[in-house]
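**Student:** With UniProt numbering applied, the sequence shown corresponds to residues 1 to 129, in that order. Ideal placement from N, C-alpha and C gives every residue a C-beta, glycine not left out. Pasting in a structure now, in structure tokens, and then I'll have a few things to ask.
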Amino acid sequence: MRSVIIEMYNQWEKAADGDMPDKHRLMVIISLFVFFYLHFPTKDTKLPKLMWKSHRKIVAFHLVGDILWIPCEFLMREIPSIVNAVDKKSVKFIQHLRETFYVEHCDGMLEEAVSHIATAEDWQFKVLI
């Protein structure tokens with residue numbers, strides 16, 4: 001199963017180099033890795049490091065609704081020991097990234113609300129007439 005996960009990841013990475021990375025396929029590969037790691041734990045650090053490299057292609061993506069999926073954050077939450085296998089700089093980068101996305105999302109919501117003020121005022125005026 002380990003070799004299948006590696007092969008799937010390598011195929012995804014090759015496809016991502018030439019074209020737009022497939023977000024949902026990455027999600028499947030990482031979820032399969034987590035399943036494998038939780039059911040067949042090993043001391044091997046090559047596979048966790050390989051999965052962690054995915055943040056170089058896709059750092060985060062909008063999944064559905066207000067859910068933002070960050071592959072490395074998912075790995076840290078499901079397999080806490082992965083933090084010991086990867087470099088500290090990238091762990092801090094992922095943590096900082098999450099905070100940055102929250103700030104940008106809040107700013108975006110505020111801008112969207114402000115942009116709807118004129119529409120709401122027009123609607124209110126039409127209702128009163």
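#1: When the Cα of residue 134 is compared with those of E111, S115, M76, V59, which residue comes out closest?
#2: Are three or more beta carbon pairs between the stretch 75–90 and the stretch 110–129 nearer than 8 Å?
#3: Less than 7 Å separating the beta-carbons of M51 and I30?
#4: Note down the Cα distance separating F35 from V114, rounded to an integer number of angstroms.
#5: Can you name the start and end residues of the beta strand (DSSP E) that V64 belongs to?
**Tutor:** Well, looking at it:
#1: The shown model of the chain, from 1 to 129, leaves out residue 134, and the question about it has no answer.
#2: Judged by Cβ distances under 8 Å, the stretch 75–90 makes no contact with the stretch 110–129, as fewer than three pairs qualify.
#3: A contact, by the Cβ cut-off of 7 Å.
#4: Approximately 44 Å between the Cα atoms of the pair.
#5: In this chain, the beta strand (DSSP E) harbouring V64 covers 61–64.
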